[in-house]
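Student: The structure under discussion is supplied below as structure tokens; questions concerning it will follow.
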Amino acid sequence: MARLNMVEAIDQALTQEMERDPTVVVLGEDVGKDGGVFRVTDGLVERYGESRVIDTPLAESGIVGFAIGMAIGGLRPVAEIQFSGFVYPAYDQLISHAARFRNRTRGQRTVPLVVRMPYGGGIRALEHHSESMEAVFAHIPGLKVVIPSDPYEAKGLLTAAIRDPDPVVFFEPARVYRAIKTEVPEEQYTIPLGKAHVVRGGADVTLISWGAHVRTIREAAERLSADRGYDVEVIDLRTLSPFDSETVTRSVAKTGRAVVVQEAPISGGFASEVSAQLMEREILHLRAPVKRVAGFDTVPPLSKLEDYYQPSVDRVVDEVIATMEF
Amino acid sequence: MARLNMVEAIDQALTQEMERDPTVVVLGEDVGKDGGVFRVTDGLVERYGESRVIDTPLAESGIVGFAIGMAIGGLRPVAEIQFSGFVYPAYDQLISHAARFRNRTRGQRTVPLVVRMPYGGGIRALEHHSESMEAVFAHIPGLKVVIPSDPYEAKGLLTAAIRDPDPVVFFEPARVYRAIKTEVPEEQYTIPLGKAHVVRGGADVTLISWGAHVRTIREAAERLSADRGYDVEVIDLRTLSPFDSETVTRSVAKTGRAVVVQEAPISGGFASEVSAQLMEREILHLRAPVKRVAGFDTVPPLSKLEDYYQPSVDRVVDEVIATMEF
Amino acid sequence: MPVTTLVTYSVDRIEVMDTAGEVDAALMPDLSPEKIRALYDLMVLTRRFDERMLKLQRQGRMGTFARVAGQEGAHVGAAFALRDDDWMVPSFREAGAFLARGMDMMRFLQYWAGDERGNVFPEGVRMLPASIPVGTHMLHAVGLGWAMRHRGEQAAVLTVFGEGATSEGDFSEAMNFAAVFQAPVVFLCQNNQWAISVPYHKQTQACSVAQKAVAYGMPGVQVDGNDVFAVYGTVREALDRARGGGGPSLVEAHTYRVTDHTTADDARRYRDEAEVVTWRERDPIARLTAYMKTQGHLDEAAEQAAWAKADATVAEAVTAFEALDPPGPEEIFAHVFAEITPPLAEQRARLLARLQEGS
Amino acid sequence: MPVTTLVTYSVDRIEVMDTAGEVDAALMPDLSPEKIRALYDLMVLTRRFDERMLKLQRQGRMGTFARVAGQEGAHVGAAFALRDDDWMVPSFREAGAFLARGMDMMRFLQYWAGDERGNVFPEGVRMLPASIPVGTHMLHAVGLGWAMRHRGEQAAVLTVFGEGATSEGDFSEAMNFAAVFQAPVVFLCQNNQWAISVPYHKQTQACSVAQKAVAYGMPGVQVDGNDVFAVYGTVREALDRARGGGGPSLVEAHTYRVTDHTTADDARRYRDEAEVVTWRERDPIARLTAYMKTQGHLDEAAEQAAWAKADATVAEAVTAFEALDPPGPEEIFAHVFAEITPPLAEQRARLLARLQEGS
Ligand SMILES: Cc1ncc(C[n+]2csc(CCOP(=O)(O)OP(=O)(O)O)c2C)c(N)n1
Ligand SMILES: Cc1ncc(C[n+]2csc(CCOP(=O)(O)OP(=O)(O)O)c2C)c(N)n1
Ligand SMILES: [Mg+2]
Ligand SMILES: [Mg+2]
């Protein structure tokens, strides 16, 4: 099986889904000849032409609002926002329309739309290129929020997202784009939305994250079992909304301990939702408080200081030890 | 002392602060002659003229972006967004600029701006007029989020917000505007931002909310003490960001039980943050899981169904009883 | 190396029928007497509907409504130029266009009364529901038009909005996308000169909305919005051009909001009644009536019959509307997603259980 | 009831100096030889700075940088027309304007290297830092200008952006607010014909950016952006008008991005080198040099001295920049709010404690 990085895996998912379904169109800034600033749409315009791979004017609200109209009109647009730090002009179109047309029309007008964008830090970029604001989308009724953690996940989840009848916001961890390769089947496959993934089973403590930091918790799990013999369960949420509380609560009912890791500012981040649900559903099984390892409540610092901001394997390891020794 | 409703109290706060500080200007849609669609700015343009009370074109991003420039230029703009459901076009200006100029310039350029808007349901309005999305602002580093629960609170908190050197998003519960009157001192006073308010002391259980639903939990507390003899502590958060965890944790350390009430969709709402903090800080004192009474993960329904959506005194009472009997 | 002129533009205003109902034969769109009668009936129906909505709201039987009386010439005239396979993407002040497109009046009442089920169109009616966030919906029209052309359909999209909407960034993005992609879209601005309490001159310094098209390399024209023939003819021409691949256009219907902004507004707070009076004299229905009478297409009896018929139609719809069952609480969860998600299923179950106990 | 013309517009293009350095005396702005020399030195310094930034980035000593070589005529010429009490609100491709305004080059290097401390301007320099979200900053210029006029200051604001930025809704809202409030703002668009890989004709159907002013009832003009005299003269006139209460203007500097978009881009992927070559021949510095030589204001020796001096200045700044201490982790929390909040104080304490243990 071919080993691909996440950029290649997403490009393949787009290519194969465009091949399979003529109603799929890709649009965004620089997605055509340039193949996207990360090359995720590389080769698409050569294959499917400018009528299905559309370089748009520089306007995010325009991209999403235009795509909403396309979707209502029977197409399945996949819109790229160049960086998640630039999606905010489109926030209104997402919250006020993409997420609401089905509800507003009792199902008569629907928006099968995917908005994909790189997110997160660790790429030494300029301001606004390292944001991790998934929580402000996960709180919006009517939107699904999906975040792949590696190339295999990215292909399967994106294919499922494109086929989903409702709007999906798809966050791609920029730091992972070229950092790792995994085996990715050549044929198409889907990974169901709304289901978390138990990456590694364990009995002592549950580590939960999504996107780029699934790698962080996997490394932490390995180190903890090697150094301390802890049996760590690792969960990749995959989808923040709808949240798969069943998989998470089942795990914590077993382990009685959990640490949730996110890159976003800690206050009001999605880790808080995970903790709150465990509070309500599993308090009798908890042997220690559910802890959050997260970014600070600050603007992500520019490159010179960004490493301090990122949740590190060390921080996770220490938090797990504290939880085990609670 | 005069008894005022919230509209009158806010109008008075604006009038007195404009009187005291010539750099304060008010801007927004229909804030001039019309006095705002809720009459909150009634009389201001007659008193201070069109150079300080500015009817703007119909553009929320414009209003906030323009106000950011005014603030950097030495003024203290108070911008009104007609309904919080229409603030999203301005989300980018708030998150990318208002919240960041101080950090970006190491304190050299700052944005003393207040963005005030009615929020929440219960007013039998059209779609987009009943939103309660405070959580997507409370997660933004660099913004303060303040929500008054009654007229007295509104005057003191708004005065403090205008004098604050940083951007404040000020949510006004539309349902409360004319529903209740409280005594409001004629002279100016401030209520410090970032401090929660213990509205009523109690030993058995802590009820926590903000904005319109402080009334809900107060009523619930009264009914619970009358019917069941529970000694209920009631906390009005007043400020969601920065969150006053000290007051909340002190209370729950004492009562060992808490129910958090919000109108917003339950998933990813601010109640989850309160619960997560209690999980981390007070688990050893908890005698029952912290519960959330909240809106559903749906678009707020139109008027025919909106009463089902609102957290009711009944729902709160039942949740408290369940918590007490846990 | 002099000063050279890059480009010159001129913006026209089209008037076909004056306030006395006299028409300019050269500009008169070809419309059979039957068609004109149909147009008249729709405008009359719209007027009666609007008046009834006000009454219902005052009686507490209806929610907040955006009045349309006096703007029938603009939005009914424009919608009348659409073909069945065209789409219409409205804002919230186009009641007459909903009726013109064949929306069921009972459902329309149901929507404004606060019931989402009232947003369901009869099968085959190509229209989107009212869009409340000002300026946001024109982008949907552009995407819809692009999708139709992508599929090779020879149809167009009409999107309608007020002059206040032109201040929103989304208007500019929609105009630009439409022009860049040559989408088959007609942008109709009902410039009624007020955005709640904000008058036109505080909304923009441009002496016309029509000239905003220049910024996007798009044709733009102003018409007398109370002159239904000017609106119909101009919009039809723009729709034909769009269907034929000629790209988008902007049409400014210059009219006036003679009513309050909505049933929740009191315009006397901020504007002078005198201005309103002069515009009442330019009433679009009175004008069309005068034309039809001079043409002998309408007499007193027929006129009264038309208004009576409109009253009856509205009364019937109101009766049917008030007989509708209220929505059940499960409706809240029914259409958030195509398939209800586990969290929503759990929340629905909790609510229904509570209500069970309650009863 | 005819078709009447509401209004007509024409959009001009101004050129003062041709590629050979010949100027049109009638249009030549009055600038003393000393001023012209200062302008020249700034453009040369900007060019050298830009070249050095590329090298530093390639050597891993600098972050991503937006090149400006070839656009000095546009943004240096415009910034040169500012007075000290005017404000400038830039985007991210105006390195020369930062130097013209008196930004410390060492700090400017520090910013692009990923250190917020590099955004602190010397006392009294009225400028905002680079704004990365395209199209968002022009609104700040309008608010700043409005605030100055509100206080009775006779000063203006220059805001600079690319043609891609004109597609963002915020551009339209900024232009409209500026016009409605008659704010003392000059909007300078560096139309370099590319937005990363998107060429002008895919950005807008308008045949000029200048004509976008028509939508807002604002004067708009195009100038040859590689002709520093045309830019300087036109912008100075617009600034004077703004200071005098004459309201805002839009100036399109028609130029070209001869470099890659940023040091992270490879323009060969999407555009034809031939086009770039023709524009290199229109280099703004070469043109000014030719003019100064024919006027006898510059000879070979002086020219070489100027470039050498620029090299030295840049080298000195780079040395000083590389000697700067890296920021400490406490900087992350230092300026989120005027006063650190309890949650932030707690988070800072935790981080510093961790780092203590670590060391
Ligand atoms: C984005 C947004 N901001 C504010 C409002 C509140 N509002 C509703 S209608 C209206 C005025 C609209 O004026 P115009 O576009 O001219 O349309 P008209 O009402 O005159 O038909 C306003 C401010 C809204 N619905 N949406
Ligand atoms: C809102 C936003 N969207 C996308 C980007 C990514 N981006 C950075 S520069 C650029 C192109 C800008 O083109 P233009 O406005 O013409 O300025 P130029 O780079 O040509 O100077 C893009 C798309 C951004 N910085 N901000
Ligand atoms: Mg209007
Ligand atoms: Mg450009």
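Chains A, B, C and D, in that order, give the protein sequences. Here the first sequence stands for residues -14 to 311, where the numbers follow this note's numbering. Here the second sequence stands for residues -14 to 311, where the numbers follow this note's numbering. Here the third sequence stands for residues 631 to 989, where the numbers follow this note's numbering. Here the fourth sequence stands for residues 631 to 989, where the numbers follow this note's numbering. Note that the Cβ used here is the ideal one computed from N, Cα and C, for glycine as well. This one's a predicted model, so the numbers in the text were calculated from it and none came from an experiment.
Skipping 5 residues on each side, what residues in its chain have a beta carbon closer than 6 Å to that of residue 717 (chain D)?
Tutor: Counting from 1 along the fourth sequence, the entry for residue 717 (chain D) is found at position 87. If we look at residue 717 (chain D) and ignore the five residues flanking it on each side, its Cβ neighbours are 756, 774, 787.
Student: Does the count of Cβ pairs from the region 843 to 850 of chain C and the region 677 to 692 of chain C closer than 8 Å reach three?
Tutor: The region 843 to 850 of chain C, when compared against the region 677 to 692 of chain C, does not touch it at the 8 Å Cβ threshold.
Student: Answer yes or no: does any C-beta atom of chain E fall closer than 8 Å to that of residue 952 (chain C)?
Tutor: You won't find chain E in this structure, because its protein chains are A, B, C and D.
Student: Given that a residue counts as buried once 16 or more other Cβ atoms are within 10 Å of its Cβ, and exposed if not, what is residue 709 (chain D)?
Tutor: In the fourth sequence, the residue the question calls residue 709 (chain D) occupies position 79. Residue 709 (chain D) should be labelled buried.
Student: Below 9 Å on C-beta distance, what does residue 810 (chain C) contact in chain A?
Tutor: Within the third sequence, residue 810 (chain C) is the residue found at index 180, counting from 1. Under the 9 Å cutoff, chain A gives 41, 42.
Student: Are the beta-carbon atoms of residue 282 (chain A) and residue 973 (chain D) separated by less than 8 Å?
Tutor: By 1-based counting over the first sequence, the position of residue 282 (chain A) is 297. By 1-based counting over the fourth sequence, the position of residue 973 (chain D) is 343. In contact: residue 282 (chain A) and residue 973 (chain D) (Cβ atoms closer than 8 Å).
Student: Can you look up residue 156 (chain B) in the DSSP assignment and give me helix, strand or coil?
Tutor: As a working note, residue 156 (chain B) is residue 171 in the second sequence. The answer is strand: DSSP assigns residue 156 (chain B) an E or B state.
Student: Would DSSP call residue 821 (chain C) helix, strand or coil?
Tutor: Taking the third sequence and counting its residues from 1, the one referred to as residue 821 (chain C) is at position 191. Note: residue 821 (chain C) maps to strand in three-state DSSP.
Student: According to DSSP, is residue 642 (chain D) helix, strand or coil?
Tutor: Indexing the fourth sequence from 1 puts residue 642 (chain D) at position 12. Of the three classes helix, strand and coil, the one that applies to residue 642 (chain D) here is strand, per DSSP.
Student: Can you tell me the Cα-Cα spacing of residue 937 (chain D) and residue 682 (chain D), whole angstroms?
Tutor: Your numbering for residue 937 (chain D) matches position 307 in the fourth sequence. Your numbering for residue 682 (chain D) matches position 52 in the fourth sequence. When rounded, the distance between both Cα atoms is 13 Å.
Student: Under three-state DSSP, which class holds residue 251 (chain A)?
Tutor: As a first step, residue 251 (chain A) is located in the first sequence; it is residue number 266 there, counting from the start. Coil at residue 251 (chain A), not helix or strand.
Student: Under the rule that 16 or more other beta-carbon atoms within 10 Å means buried, what is residue 218 (chain A), buried or exposed?
Tutor: Along the first sequence, read from residue 1 onward, the residue named residue 218 (chain A) stands at position 233. By the neighbour-count rule (16 or more Cβ atoms within 10 Å), residue 218 (chain A) is buried.
Student: What's the gap between the Cα of residue -1 (chain B) and the Cα of residue 64 (chain B)?
Tutor: To locate residue -1 (chain B), count along the second sequence from 1; it is residue 14. To locate residue 64 (chain B), count along the second sequence from 1; it is residue 79. Residue -1 (chain B) and residue 64 (chain B): Cα-Cα distance of roughly 11 Å.
Student: Let me know the secondary structure DSSP gives residue 167 (chain B) once reduced to three states.
Tutor: Position 182 of the second sequence, counting from 1, holds the residue named residue 167 (chain B). Looking at residue 167 (chain B) - three-state DSSP - the assignment turns out to be strand.
Student: So, is the C-beta of residue 877 (chain D) closer than 8 Å to a C-beta in chain A?
Tutor: Counting from 1 along the fourth sequence, the entry for residue 877 (chain D) is found at position 247. Cβ-Cβ to chain A under 8 Å: no for residue 877 (chain D).
Student: Extract the residue ranges of the alpha helix (DSSP H) inside the region 945 to 979 of chain D, only unbroken runs of 4 or more that lie entirely within it.
Tutor: Listed in chain order, the complete alpha helix (DSSP H) runs (minimum 4 residues) inside the region 945 to 979 of chain D are 961 to 964.
Student: Thinking just about the alpha-carbon of each residue, which of C:771, C:671, C:761 is nearest to the one in residue 721 (chain C)?
Tutor: Counting from one through the third sequence, the residue named residue 721 (chain C) turns up at place 91. Comparing Cα positions, the closest option is C:761.
Student: With burial defined as no fewer than 16 other Cβ atoms inside 10 Å of the residue's Cβ, what is the status of residue 261 (chain B): buried or exposed?
Tutor: Taking the second sequence and counting its residues from 1, the one referred to as residue 261 (chain B) is at position 276. Residue 261 (chain B) comes out buried.
Student: Assuming residue 129 (chain B) contacts residue 103 (chain B) under a Cβ cut-off of 8 Å, what Cβ separation, rounded to an integer in Å, is found between them?
Tutor: Against the second sequence, residue 129 (chain B) aligns to sequence position 144. Against the second sequence, residue 103 (chain B) aligns to sequence position 118. Residue 129 (chain B) to residue 103 (chain B), Cβ: 18 Å. No contact.
Student: Out of D:905, D:848, D:853, which one is the CA nearest neighbour of residue 878 (chain D)?
Tutor: In the fourth sequence, counting from the first residue as 1, residue 878 (chain D) sits at position 248. Of D:905, D:848, D:853, the residue nearest in Cα terms is D:848.
Student: Taking only the alpha-carbon atoms, compute the straight-line gap between residue 60 (chain B) and residue 665 (chain D) and give it to the nearest angstrom.
Tutor: Taking the second sequence and counting its residues from 1, the one referred to as residue 60 (chain B) is at position 75. Taking the fourth sequence and counting its residues from 1, the one referred to as residue 665 (chain D) is at position 35. For residue 60 (chain B) and residue 665 (chain D), the distance between alpha carbons rounds to 35 Å.
Student: On the three-state DSSP scale, how would you describe residue 635 (chain D)?
Tutor: Within the fourth sequence, the letter at position 5 stands for residue 635 (chain D). Correct three-state label for residue 635 (chain D): strand.
Student: Pull up the distance between the alpha-carbon of residue 313 (chain A) and that of residue 99 (chain A), whole angstroms please.
Tutor: Nothing in the structure corresponds to residue 313 (chain A), since chain A is present only between -14 and 311.
Student: Between residue 908 (chain D) and residue 106 (chain A), what straight-line distance do the alpha-carbon atoms span, to the nearest angstrom?
Tutor: Looking up residue 908 (chain D) in the fourth sequence gives position 278. Looking up residue 106 (chain A) in the first sequence gives position 121. So the alpha carbons of these two residues sit roughly 39 Å apart.
Student: Residue 818 (chain C) and residue 881 (chain C) - do their beta-carbons sit closer together than 8 Å?
Tutor: Taking the first residue of the third sequence as position 1, residue 881 (chain C) is located at position 251. Taking the first residue of the third sequence as position 1, residue 818 (chain C) is located at position 188. Contact: yes.
Student: Classify residue 875 (chain D): buried if its beta carbon has 16 or more other beta carbons within 10 angstroms, exposed otherwise.
Tutor: As a first step, residue 875 (chain D) must be located in the fourth sequence, where it is residue number 245. By the neighbour-count rule (16 or more Cβ atoms within 10 Å), residue 875 (chain D) is not buried but exposed.
Student: If you measure from the CB of residue 826 (chain C), is any heavy atom of ligand 1 nearer than 7 Å?
Tutor: Translated into the one-based positions of the third sequence, residue 826 (chain C) becomes position 196. True, at least one ligand heavy atom lies under 7 Å from that Cβ.
Student: For the region 106 to 119 of chain B, list every residue whose C-beta sits within 9 Å of some C-beta in chain C, in sequence order.
Tutor: Of all residues in the region 106 to 119 of chain B, 109, 110, 111, 112, 113, 114 have a Cβ within less than 9 Å of some Cβ in chain C.
Student: Does the pairing of the region 914 to 921 of chain D with the region 643 to 655 of chain D give three or more beta-carbon distances under 8 Å?
Tutor: Enough Cβ pairs lie closer than 8 Å, so yes.
Student: Sort D:886, D:913, D:911 by Cα distance to residue 901 (chain D) and report the nearest one.
Tutor: As a first step, residue 901 (chain D) is located in the fourth sequence; it is residue number 271 there, counting from the start. It is D:886 whose Cα lies nearest to the Cα of residue 901 (chain D).
Student: According to DSSP, residue 243 (chain A) sits in a beta bridge with which residue or residues?
Tutor: In the first sequence, counting from the first residue as 1, residue 243 (chain A) sits at position 258. The partner list for residue 243 (chain A) (beta bridge, DSSP) reads A:191.
Student: Pop quiz: residue 927 (chain D) and residue 659 (chain D) are said to be a contact at Cβ under 8 Å. What is the actual Cβ separation, rounded to whole angstroms?
Tutor: Numbered from its first residue, the fourth sequence carries residue 927 (chain D) at position 297. Numbered from its first residue, the fourth sequence carries residue 659 (chain D) at position 29. 15 Å between Cβ atoms; not a contact.
Student: Can you find a heavy atom of ligand 2 that lies under 7 Å from the Cβ of residue 822 (chain D)?
Tutor: One-based indexing of the fourth sequence puts residue 822 (chain D) at position 192. For ligand 2, at least one heavy atom lies less than 7 Å from the Cβ of residue 822 (chain D).
Student: Output yes if chain C places a C-beta closer than 8 Å to the C-beta of residue 69 (chain B); else output no.
Tutor: Translated into the one-based positions of the second sequence, residue 69 (chain B) becomes position 84. For residue 69 (chain B), the answer is no, since every Cβ of chain C falls outside 8 Å of its Cβ.
Student: Please list the partners that residue 46 (chain B) has in chain D, where partner means a Cβ-to-Cβ separation under 9 Å.
Tutor: Within the second sequence, residue 46 (chain B) is the residue found at index 61, counting from 1. Neighbours of residue 46 (chain B) on chain D, chain order: 766, 769, 799, 800, 803.
Student: Please check if any C-beta of chain D sits within less than 8 Å of the C-beta of residue 673 (chain C).
Tutor: For the purposes of this step, residue 673 (chain C) is taken as the residue at position 43 of the third sequence. Judged by the 8 Å Cβ criterion, residue 673 (chain C) is not in contact with chain D.
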